[in-house]
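S.K.:
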Amino acid sequence: MKEKEKRGRSGFVFKKYEDPNTSPFEKLFEIFKELITHTSGDFDEAIDWLRQLDVEYKLTDEDYTIDDFIEDLKKKGYIREETKPGGPGMVITAKTERAIRQQALNQIFGKLKKGAGGNHTTKYQGAGDEHTGEFKSFNYGDPLEKISMTESLRNAQINHGTGDFKMTEDDLVVEETHHKSQMSTVLMIDISHSMILYGEDRITPAKKVAMALAELITTRYPKDTLDILVFGNDAWKISIGDLPYLQVGPYHTNTVAGLQLAMDLLRRKRNTNKQIFMITDGKPSCIRERDGTYYKNSVGLDPYIIDKCYNMAQQARKLHIPITTFMIAQDPYLERFVREFTQANHGKAFFTGLKGLGEMIFEDYEANRKKRIRG
Numbered sequence: 001m002k003e004k005e006k007r008g009r010s011g012f013v014f015k016k017y018e019d020p021n022t023s024p025f026e027k028l029f030e031i032f033k034e035l036i037t038h039t040s041g042d043f044d045e046a047i048d049w050l051r052q053l054d055v056e057y058k059l060t061d062e063d064y065t066i067d068d069f070i071e072d073l074k075k076k077g078y079i080r081e082e083t084k085p086g087g088p089g090m091v092i093t094a095k096t097e098r099a100i101r102q103q104a105l106n107q108i109f110g111k112l113k114k115g116a117g118g119n120h121t122t123k124y125q126g127a128g129d130e131h132t133g134e135f136k137s138f139n140y141g142d143p144l145e146k147i148s149m150t151e152s153l154r155n156a157q158i159n160h161g162t163g164d165f166k167m168t169e170d171d172l173v174v175e176e177t178h179h180k181s182q183m184s185t186v187l188m189i190d191i192s193h194s195m196i197l198y199g200e201d202r203i204t205p206a207k208k209v210a211m212a213l214a215e216l217i218t219t220r221y222p223k224d225t226l227d228i229l230v231f232g233n234d235a236w237k238i239s240i241g242d243l244p245y246l247q248v249g250p251y252h253t254n255t256v257a258g259l260q261l262a263m264d265l266l267r268r269k270r271n272t273n274k275q276i277f278m279i280t281d282g283k284p285s286c287i288r289e290r291d292g293t294y295y296k297n298s299v300g301l302d303p304y305i306i307d308k309c310y311n312m313a314q315q316a317r318k319l320h321i322p323i324t325t326f327m328i329a330q331d332p333y334l335e336r337f338v339r340e341f342t343q344a345n346h347g348k349a350f351f352t353g354l355k356g357l358g359e360m361i362f363e364d365y366e367a368n369r370k371k372r373i374r375g
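Residue numbers (full-length UniProt numbering): 1 to 375.
1) Smallest Cα separation from Asp264: which of Asp307, Leu243, Tyr310 and Gln315?
2) State the Cα-Cα distance for the pair Ile373 and Gln182, rounded to the nearest angstrom.
3) For the beta strand (DSSP E) that Phe350 lies in, which residues bound it at each end?
4) Which residue spans inside the segment 241 to 284 form an unbroken alpha helix (DSSP H) run of at least 4?
5) Between which residues of its own chain and Gly115 is the CB-CB distance below 7 angstroms, once the five residues before and five after are set aside?
6) Would DSSP call Met195 helix, strand or coil?
7) How about residue 395 and Phe231: are their beta carbons less than 9 angstroms apart?
8) For Asp42, which residues from the same chain have a beta carbon less than 8 angstroms from its beta carbon, with the 5 sequence-adjacent residues on both sides left out?
9) Count the other C-beta atoms from every protein chain shown that fall within 10 angstroms of the C-beta of Met188, then say buried if there are 16 or more, exposed otherwise.
10) Assuming Val186 contacts Ala262 (C-beta within less than 8 angstroms), just tell me the rounded distance between them.
11) Can you tell me which of Phe135, Pro143, Ala349 and Tyr365 puts its alpha carbon nearest to the alpha carbon of Glu151?
12) Hey, how far is the Cα of Phe326 from the Cα of Thr352?
13) By Cβ distance below 7 angstroms, which residues in the same chain neighbour Ile321 in space, the five residues on each side in sequence not counted?
14) Does the Cβ of Asn21 have 16 or more other Cβ atoms within 10 Å, making it buried, or fewer, making it exposed?
15) What residue range is occupied by the uninterrupted beta strand (DSSP E) comprising Phe138?
16) If you pair each beta-carbon of the segment 286 to 298 with each one of the segment 216 to 229, do three or more pairs fall below 8 angstroms?
17) In angstroms, rounded to a whole number, what distance separates the CA positions of Leu357 and Ile196?
18) Can you list, in chain order, the stretches of the alpha helix (DSSP H) that have 4 or more residues and sit fully within the segment 295 to 375?
19) What does the alpha-carbon distance come out to for the pair Ala212 and Phe337?
20) Which of the three DSSP states, helix, strand or coil, is assigned to Tyr57?
21) For a test of the three-state rule: what should DSSP assign to Met167, helix, strand or coil?
22) The beta strand (DSSP E) with Glu26 in it runs from where to where?
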């Protein structure tokens, strides 16, 4: 009877899995990287948040404290001391910037199926260097190094027998190859004030997407190029290292300036395949006139500003530069504008919230990389 009662009380106990091989530093570092992204690289603010989380969720114990974690960050080269306007303080290093980009890549693209590293191929065959496993007859002008000796010898034996070996030009075959394409991409990020309005932080997800895309290209597609620019009242190029510190400003949205700079950057690229990705949540509300003054109108869609945007879309189309717009806002009149803008460019548009933004950009980047090379 006692044995039955004992069996009746048995069962499973479920709890959150904790990797026994993860050190206290590694656990805190994962949280720290997320916080430093949200604070735009402000180390002191990130540590203040970490201390608050520690109080609420007991992240540390007496054997390993937040102060111990800060000392480890110093020793491992993730932070360094630097003189600030208010006196000496700690700032993150390039090593941390790289770790943040890698985390963004894992968060955004980690769930997607990994492909072969290095380069993408087009679906069109030609004088490339990606083997297809298929063969064709040798033609005058085919590179000699592409001749498949094994298949050619096999043809010679079939066609002429093995008694008296003989090989002719008709026996030669070459292995077909694919072009390895290269892509030049400009990523435009809207930093107008609306990117933090309405109780929603839109700039941090945009930063994460940019960091993940930068890490993807530099590690997986090193022959590709990625330029990143931001646009508010004006537009200017930023480096990959600037991304963790990116903030919005008290700006309107000068989409025309962003597109002008993007096309100027792409004109200088030798790659045949070029594209523009634009992440925005607001309507175009500003342009800069030739005399240097700004024309601004935040009320509705100003026809003067909108027509300038359509003209830029058409110019990009003439240069064979497709524009893919990732529209975070979902107002009907803004969606209508984006559709007309996209039609003028023959590009693409995605009307989305912040969820899934990174996956869409990744998949679109992959798809565009596989398009046929022009030229």
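All residues carry an ideal CB built from backbone N, CA and C; glycine is no exception.
Bear in mind the structure is a predicted one, so any value in this text is a computation, not a measurement.
M.R.: Quick look at the numbers:
1) Stepping through the sequence shown from its first residue, residue 264 is reached at position 264. When each option's Cα is compared against that of Asp264, the closest is Gln315.
2) Numbered from its first residue, the sequence shown carries residue 373 at position 373. Numbered from its first residue, the sequence shown carries residue 182 at position 182. In this prediction, Ile373 scores a pLDDT of 39, lower than 50, which makes its location untrustworthy; no coordinate-derived value is stated.
3) For the purposes of this step, residue 350 is taken as the residue at position 350 of the sequence shown. Under the DSSP assignment, Phe350 falls in the beta strand (DSSP E) whose first and last residues are Lys348 to Phe351.
4) 255 to 267
5) The residue labelled residue 115 in the question sits at position 115 within the sequence shown. Unreliable placement is indicated for Gly115, whose pLDDT of 36 sits below 50; the coordinate value is still reported in the next sentence. Within the same chain, Gly115 has no close Cβ partners at all.
6) Within the sequence shown, numbered from 1, the residue matching residue 195 stands at position 195. Here Met195 sits in helix by DSSP.
7) Lying before the first or after the last residue shown, residue 395 is absent from the chain, which here runs from 1 to 375.
8) By one-based count along the sequence shown, residue 42 stands at place 42. If we look at Asp42 and ignore the five residues flanking it on each side, its Cβ neighbours are Ile36.
9) Residue numbering aside, residue 188 sits at position 188 when the sequence shown is read from its first letter. Residue burial is scored here from C-beta neighbours: Met188 has at least 16 other C-beta atoms within 10 angstroms and is therefore classed as buried.
10) Counting from one through the sequence shown, the residue named residue 186 turns up at place 186. Counting from one through the sequence shown, the residue named residue 262 turns up at place 262. Rounded, the Cβ-Cβ distance is 4 angstroms, consistent with contact.
11) By one-based count along the sequence shown, residue 151 stands at place 151. Nearest of Phe135, Pro143, Ala349 and Tyr365 to Glu151, Cα basis: Phe135.
12) Working through the sequence shown from its first residue, we reach residue 326 at position 326. Working through the sequence shown from its first residue, we reach residue 352 at position 352. In a straight line, the C-alpha of Phe326 is about 7 angstroms away from that of Thr352.
13) The count along the sequence shown starts at 1 and reaches residue 321 at position 321. Result list for Ile321: Met263, Leu266, Lys274, Gln275 and Ile276, in chain order.
14) As a first step, residue 21 must be located in the sequence shown, where it is residue number 21. Asn21 should be labelled exposed.
15) By one-based count along the sequence shown, residue 138 stands at place 138. It is not in any beta strand (DSSP E) - Phe138 carries neither H nor E in the DSSP assignment.
16) no
17) Within the sequence shown, residue 357 is the residue found at index 357, counting from 1. Within the sequence shown, residue 196 is the residue found at index 196, counting from 1. Leu357 and Ile196: Cα-Cα distance of roughly 17 angstroms.
18) 303 to 318, 332 to 345 and 357 to 369
19) In the sequence shown, counting from the first residue as 1, residue 212 sits at position 212. In the sequence shown, counting from the first residue as 1, residue 337 sits at position 337. C-alpha separation (whole angstroms): 29 angstroms.
20) Counting from 1 along the sequence shown, the entry for residue 57 is found at position 57. The answer is helix: DSSP assigns Tyr57 an H, G or I state.
21) In the sequence shown, the residue the question calls residue 167 occupies position 167. It is coil, neither helix nor strand.
22) Here residue 26 refers to the residue found at position 26 when the sequence shown is read from its first residue. Glu26 -> not in any beta strand (DSSP E); alpha helix (DSSP H) instead, spanning Pro24 to His38.
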